[in-house]
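Take a look at the structure set out below.
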Amino acid sequence: MYQSKSDVTITKSLTDSVHYAWVILAVTFLCLFVASALRSVPGIIMLSLEQEFAWNRETISGAISLNLLLFGLAGPFLGRLMDLHGTKKVSVITLILSVLGAGGSVFMRESWQMYLFWGLLIGAGSGGTSMIMGSALVNRWFHQHRGLALGILGAAFSSGQLVFTPVLMQINVHQGWRAATLLIVVALGLLVLPLVLKFLRDDPQSRGLLPYGGNGAHATILKPDSNPMRSAMSSPQFWLLASSFGICGLTTSGLFQTHLIPHGIEHGFSEMTMAMSLGVMGAADVFGTILSGWLCDRYGKRWPLAFYYVVRGATLILLPGIDNTGQLMMFSIIYGMNWLSTIPATSALTADLFGKQNVGVVFGWICFAHQIGAAIAAYAAGYAHSLIGDYRLVFIASGLFAFLATGIVLSIRESQTVRC
């Protein structure tokens, strides 16, 4: 391998036997893996908070909605900062915010403190440990197997849920919600943060490398455009992607991570059974999301994305009729394979349409649409429950929205490139 004295000359794609892109992927996977567990905590501890503080479902759902909204709103600005100043600096700062928010929440006594710690601090901090971070890094470090790498990072969300949700529920039931929260605080502060500080790098050029699978044609370092969102927002392709991903948020995280466990408990399932259901979803989604990335590499992004929304809509409409554990686990497998399978396709489409150098900010705004949908679902489901006493109509309505997303995705022109 040749390197200049300044150690910034671009070299071969491989260094020794393992390209450093895989190290970046591993560290980012761990970061997203643990961060996903933090975002699943409110749904796990919701009933405990109701019992201890006598807060109603709408109050807790409001704090979670604020979390989801700020998570989305922070994303575009954090993505732009990642494009301009590097992913590592932004990720470190937001990790610290998340640790402070989660750690501070164990001392809360009033409902406004729930809004401060879970809504404001964790909401803003989570934006830097999300798929915006993953997309910014993968689209710079990988030329070959980009879809697969995005799929692996998408699976980090579900595998974190797989490992942590049953454990956190067990701790919540036997040691209390504070102990469950502190487990994630320790994992983020003492494991993830030091590894990010030591190993994360913003791009291959910082180590004198080409992107994985790249050649001399991919050696050019593209600087972010001065105002990429002006061109992006003038393109119908942006709005189609954003609206479909908004429905993705409406039909997944805001609805399920907040309300699935309470829904199941109200229909006779135990807390551990519902936690296991989310764990099975996570296990299925590890496979489904990686498979989605593989399919995107080989068959394009639009048709697989449309299929995912069709399957999601059908399973959501069937959910209210589930009345035994076997049906619940079958639902968890089918829905789980579909949970985050939309991420590799949507992220790769964003980079293809608007440029890899702009993917942080453009995908950030698309993710904001996702979180608007999630925030609406989190609050509206809680509000609807307070009015009618169950979630049946909420799940059916979300299924119909998923069918709408199918039509939106089929309207996207996959081959059209928007100049920013």
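Under our numbering, the residues of the sequence shown are numbered 45 to 464, in order.
Where a beta carbon is used, it is the ideal one built from N, C-alpha and C, also for glycine.
Item to complete: Write down every uninterrupted run of the alpha helix (DSSP H) in the stretch 239–313 whose length is 4 residues or greater and which is fully enclosed by it, in chain order.
Response: With a minimum length of 4 residues, the unbroken runs of alpha helix (DSSP H) contained wholly in the stretch 239–313 fall at 272–277, 280–294 and 302–310.
*asked:* Let me make sure I understand the geometry here. Which of Leu304, His429 and Lys400 has the alpha-carbon closest to that of Tyr379?
replied: The residue with the shortest Cα to Cα distance from Tyr379 is Leu304.
Ordered along the chain, which non-local residues of its own chain (more than five positions away) have a Cβ less than 7 Å from that of Phe151? Closer than 7 Å at the Cβ level, and outside the excluded window around Phe151, lies no residue.
- Message: Is it buried or exposed, Val438, if we count other Cβ atoms within 10 angstroms and call 16 or more buried?
- Response: Per the 10 Å Cβ criterion, buried.
Item checked: Cα-Cα separation, Gln157 to His414 -> When only Cα atoms are considered, Gln157 and His414 end up about 26 Å apart.
(message) Along the chain, where does the alpha helix (DSSP H) containing Pro348 start, and where does it finish?
(response) Unbroken alpha helix (DSSP H) run through Pro348: Arg346 to Leu362.
| message | Does the contact criterion of 3 or more C-beta pairs under 8 Å hold for the stretch 116–124 versus the stretch 165–183? | response | Three or more pairs of CB atoms, one per stretch, sit closer than 8 Å, so the stretch 116–124 contacts the stretch 165–183.
Practice prompt. For my contact list, Trp338 and Leu192 are in at a C-beta cut-off of 8 Å; report their separation, rounded to the angstrom.
Written response: Confirmed, Cβ separation roughly 6 Å.
message: Looking at the strands, I want to know which residues DSSP matches up with Phe186.
response: Phe186 pairs with Tyr256.
**Prompt:** In the structure shown, what three-state DSSP assignment does Gln47 receive?
**Reply:** The pLDDT assigned to Gln47 is 45, lower than 50, so where the model puts this residue is not dependable; a value taken from the coordinates is nonetheless given after this. DSSP places Gln47 in coil when its eight states are reduced to three.
Tell me which residues share the same chain as Gly163 and place their Cβ nearer than 6 Å to its Cβ, disregarding the 5 neighbours each side in the sequence.
Excluding sequence positions up to five before and after Gly163, its CB lies within less than 6 Å of the CB of Ala107, Leu110 and Asn111, all in the same chain and listed in chain order.
- Query: For the candidate residues Lys345, Asp329 and Pro86, whose alpha-carbon lies nearest to that of Ala392?
  - Reply: Among Lys345, Asp329 and Pro86, the Cα nearest to that of Ala392 is on Lys345.
Met175 burial status per 10 Å Cβ neighbour count (16 or more: buried)
It counts as buried.
* **Exposure label - Leu194; buried when at least 16 CB within 10 Å** => Classification of Leu194: buried, given that the 10 Å Cβ count is 16 or more.
Between the CA atoms of Ser288 and Arg124 - distance to the nearest angstrom
Taking the straight line joining both Cα atoms gives about 22 Å.
Subject >> Simplified DSSP state of Ile176, which is helix, strand or coil >> reply: Under the three-state reduction of DSSP output, Ile176 falls in the helix class.
Minimum C-alpha distance to Ser385 - residue among Leu144, Pro348 and Arg436: Nearest option by C-alpha distance: Pro348.
Am I right that Met373 and Ser321 are in contact with their C-beta atoms under 8 Å? What's the rounded C-beta distance?
Between Ser321 and Met373 the Cβ distance is about 7 Å, and since that is below 8 Å, they are a contact.
- Item | Nearest neighbour of Asn271, chosen from Asn402, Glu154 and Gly257 [CA to CA] | Looking only at Asn402, Glu154 and Gly257, the smallest Cα-Cα distance to Asn271 is reached by Asn402.
(Q) Classify Gln281: buried if its beta carbon has 16 or more other beta carbons within 10 angstroms, exposed otherwise. (A) Around the beta carbon of Gln281, a 10 Å sphere encloses 16 or more other beta carbons of the protein chains shown; the residue is thus reported as buried.
From Leu454, Thr450, Trp66 and Ser61, residue whose alpha carbon lies closest to that of Pro255
Measuring from the Cα of Pro255, the nearest candidate turns out to be Trp66.
Pairwise C-alpha distance: Gln371 and Ser80: If you take the alpha carbons of Ser80 and Gln371, they lie about 26 Å apart.
Can you check which of these residues, Asp329, Ile215 and Ser203, is closest to Tyr352 by C-alpha distance? Of Asp329, Ile215 and Ser203, the residue nearest in Cα terms is Asp329.
Using the C-alpha atoms, what's the distance from Gly326 back to Val453? Distance between the alpha carbons of Val453 and Gly326 is about 25 Å.
Contact between the stretch 136–151 and the stretch 231–244: three or more CB pairs below 8 Å? A contact exists between the stretch 136–151 and the stretch 231–244.
query: Hey, how far is the Cα of Arg274 from the Cα of Glu154?
result: Approximately 42 Å between the Cα atoms of the pair.
In angstroms, rounded to a whole number, what distance separates the CA positions of Leu362 and Phe300? If I take the Cα positions, the gap works out to 14 Å.
Between the beta-carbon of Ala319 and the beta-carbon of Thr225, is there less than 8 Å?
No; because the gap between Cβ atoms is not below 8 Å, this pair is not in contact.
Kindly indicate which residue of Ser105, Leu76, Phe77 and Leu82 has the alpha-carbon position closest to the one of Met90.
Cα-wise, what sits closest to Met90 is Ser105.
According to DSSP, is Leu384 part of a helix, a strand, or is it coil?
The DSSP-derived three-state label of Leu384 is coil.
At what residues does the alpha helix (DSSP H) containing Ser80 begin and finish?
Ser80 -> alpha helix (DSSP H) spans Tyr64 to Phe97.
* To do: Please report how far the alpha carbon of Ala449 lies from the alpha carbon of Gly252, in whole angstroms.
  => Spanning the two alpha carbons is a distance of roughly 42 Å.
Distance, Ile334 Cα to Val78 Cα: If I take the Cα positions, the gap works out to 18 Å.
Note down the Cα distance separating Ala358 from Gly443, rounded to an integer number of angstroms.
Their backbone Cα atoms lie some 6 Å apart in a straight line.
Check: Can you give the Cα-Cα distance for Ile377 and Ser336, rounded to whole angstroms?
Finding: One C-alpha to the other measures close to 15 Å.
Cβ-based neighbour list, Ala286, same chain, cut-off 6 Å, excluding 5 preceding and 5 following: These residues qualify, in order along the chain: Ile410 and Ala413.
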